[in-house]
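Visitor: Protein chains in written order, with the numbering used here: chain L, 317 to 429; chain A, 123 to 238.
#1: Show which residues of chain A have a CB atom less than 8 Å away from the CB atom of residue 389(L).
#2: If you run the structure through DSSP and keep just helix, strand and coil, what is residue 398(L)?
#3: Mind checking if residue 323(L) is an interface residue toward chain A, Cβ cutoff 9 Å exclusive?
#4: At the 9 Å Cβ level, is residue 226(A) part of the contact set with chain L, yes or no?
#5: Would residue 418(L) count as contacting chain A if we go by Cβ distances under 9 Å?
#6: Is the beta carbon of residue 425(L) closer than 9 Å to that of residue 385(L)?
#7: Would the segment 203-218 of chain A and the segment 156-168 of chain A be scored as touching if the rule is three or more Cβ pairs under 8 Å?
#8: Taking DSSP as the reference, what is the three-state secondary structure of residue 238(A)?
#9: What runs of the beta strand (DSSP E), each 3 residues or longer, lie entirely inside the segment 146-190 of chain A?
#10: Is residue 319(L) close to chain A, meaning its C-beta is less than 9 Å from at least one C-beta of that chain?
#11: Relative to chain L, which residues along the segment 156-185 of chain A have a C-beta separation below 7 Å, given in chain order?
#12: DSSP state of residue 207(A), grouped into three classes?
#13: Would you please verify whether the beta carbon of residue 132(A) is less than 9 Å from any beta carbon of chain L?
#14: Taking C-beta pairs closer than 7 Å, name the residues in chain L that residue 232(A) reaches, listed in chain order.
#15: For a contact defined as C-beta to C-beta under 8 Å, what are the partners of residue 212(A) on chain L?
#16: Do you know offhand how far residue 361(L)'s Cα is from residue 178(A)'s?
#17: Could you tell me if residue 400(L) is buried or exposed, where buried requires 16 or more neighbouring beta carbons within 10 angstroms of its beta carbon?
What follows is the structure in structure tokens.
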């Protein structure tokens, strides 16, 4: 089955800095890669996603890049703000009909004012 | 916020008891997935339901079972509760991939289960 590794487990930055979270996956058949943000005590919320036919996607301060050859994808947050502080999860979905995501273990992002 | 709802929000049970958790999917979604999220971990896939049938299962024992109803809502049942079952249980609804690749999952607020 799919295996997703996520790094770092904790990331501390100053407000205004950029933050990068990296994930690797094992199943070359995976073709959909969502990122979720989970604030303390709340549900995971989709913030951005990318499909395997695209190398990069941006949405305001958030971007995701995908390298299919190396089987890794990354989340980039620019001009970080204190409200970006949360746990971020990456996931990879294999095809085959079930479209079941495998999640990384999460990155706790702390943005210091 | 998504239109996915779950009940109850919190639950305390003792070892050996049984529990039923409920999930109502977002309007227009026909697939429900259940996850277990232990503290400090990512969500672990339990199973997925589509058209009232199990459509995939993670590495969980048979005492974890589920149902999906004609209105696409779903239940998660756990028998013979163990201490390690204490976790946040999340459901997520989506449209089955045959619906045009819109497989994005939207999570409910979760049920926090504590087993004593």
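Just so it is clear, CB atoms sit at the ideal spot from N, CA and C, and this is done for glycine as well.
Guide: Based on what the coordinates show:
#1: Those do not exist, as residue 389(L) stays about 15 Å from chain A at its closest Cβ, beyond 8 Å.
#2: helix
#3: no
#4: yes
#5: For residue 418(L), the answer is yes, since a Cβ of chain A falls inside 9 Å of its Cβ.
#6: no
#7: yes
#8: coil
#9: Under the rule that a run must span 3 or more residues, the beta strand (DSSP E) segments found entirely inside the segment 146-190 of chain A read 153-159, 166-172, 175-179 and 186-190.
#10: no
#11: Those would be 163, 164, 165, 167, 170, 177 and 178, in chain order.
#12: helix
#13: no
#14: 359
#15: 359 and 360, listed in chain order.
#16: 23 Å
#17: buried
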